[in-house]
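> Sequential numbering from 239 applies to the sequence shown in our numbering.
We treat Cβ as the ideally placed atom computed from N, Cα and C, and that holds for glycine.
Take this structure, written in C-alpha cells, and hold onto it; I'll ask about it next.
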Amino acid sequence: MRCLRRPGVLFLALIALGASNAWASDPTWWEVRSSHFHVITDAGEKRASEVAVRCEQMRAAFLTLMQKATADDPAPLVIVALRNQQELDELALRGNLRHAGIFLPGIEQSFIVLDISNAPWRTLYHEYAHELLHANTSAWVQTWFEEGFGEYFSTLRSSSKGTDIGEVPAAELDFLRKNGKLFRLSDLVRVNQTSDIYNHNGPLQAAFYAQSWLLVHYLFDHGLINRTQSFFTAMAAGVPLD
C-alpha cells in the first residue's frame with residue numbers, strides 16, 4: 239500500500255527517522271546497509287541482511303525488464319522491517335485498516351515499513367515496486383496502476399537459475415474465479431487513496447487489488463505499459479474515458 243503525505247503519515251515518518259539512531263545503538267535492533275539499501279529491524283541481523291539482498295535482486299531484475307527506467311531513489315530509502323504485525327499496527331496509526339506493509343514517499347527521505355514475520359517477500363517486493371514507480375513517474379498515475387504495478391512485481395522469484403517476474407499470484411486468481419464479477423473500468427479508475435474501497439479491508443478491497451494486478455499484467459503482456467502515462471495525462475485533462 240502506498241500512502242500520501244498526511245499529518246498522521248508524516249508523524250509516522252518522523253518517528254521512524256528519529257528512532258533510527260536509537261535503534262541502531264540498541265542491541266535488540268540492527269542496522270544493515272548494502273550497495274543501495276538501508277535496513278533497520280528488530281528481527282535480527284540475518285533477517286535485515288536478507289531484506290537487503292532481496293531488494294538488490296529486485297532492483298537488478300527491474301532494470302533488466304525496463305531498460306529505459308531508473309532504479310535510483312528520488313529520496314534516500316529506509317526500510318523498517320518490524321518483527322510482527324502488532325508492531326506495524328501500532329506504528330501505522332490508521333484505525334482498523336490492517337497493513338502488511340506501507341510505502342511512504344518523501345522529498346528528503348522515503349520509508350518502507352513492513353511486518354517481516356512469516357513469508358514477507360511479496361509484501362516487500364510490492365512496497366519496493368511503489369518506490370521504483372515513484373522514481374520513474376513525474377506525473378500523477380491512477381491508484382489501480384500503482385497497486386497493480388506493485389502486485390505484478392510482488393511475484394518476483396530469484397534463484398541460481400535466474401529471476402522470474404510476472405507470475406500469476408494464486409490468491410488473486412482464485413479470488414477472481416470465485417468472485418466472478420469485475421469492476422467496470424469506469425469504477426476501477428475512480429478508486430483513489432481516499433476511497434472507501436481502498437481504505438477498508440474486505441472483499442471489495444481484495445477485488446480492487448486483484449483486478450488491478452490483472453490489468454497491469456495484461457498491459458505488460460501486450461507491450462502496452464509505456465502507453466499508460468498518456469492515458470493518465472488525458473484523464474487528468476478531462477478527456478472522457480470512452
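With a Cβ-Cβ cutoff of 8 Å, do I345 and T279 count as a contact?
no
> Check A262 in the structure and name its three-state DSSP category.
In this prediction, A262 has a pLDDT of 48, which is less than 50 and means its spatial position is unreliable; what the coordinates show is noted afterwards. Correct three-state label for A262: helix.
> What ranges does the alpha helix (DSSP H) occupy inside the segment 347-425, keeping only unbroken runs of at least 4 residues that lie completely in it?
359-374, 381-391, 408-417
> Taking the straight line between their C-alpha atoms, what separation do you get for I403 and L301?
12 Å
> Alpha carbon to alpha carbon, how far is I463 from Y363? Give it in angstroms, no decimals.
19 Å
> R271 by DSSP, collapsed to three states: which one?
strand
> So the beta strand (DSSP E) V277 belongs to, where does it begin and stop?
Counting along the chain, the beta strand (DSSP E) containing V277 begins and ends at 276-279.
> Taking all protein chains shown into account, decide if L411 is buried (16 or more other Cβ within 10 angstroms of its Cβ) or exposed.
exposed
> Please confirm whether V427 and Q380 have their CB atoms less than 8 Å apart.
One thing to note: V427 has its Cβ within 8 Å of the Cβ of Q380.
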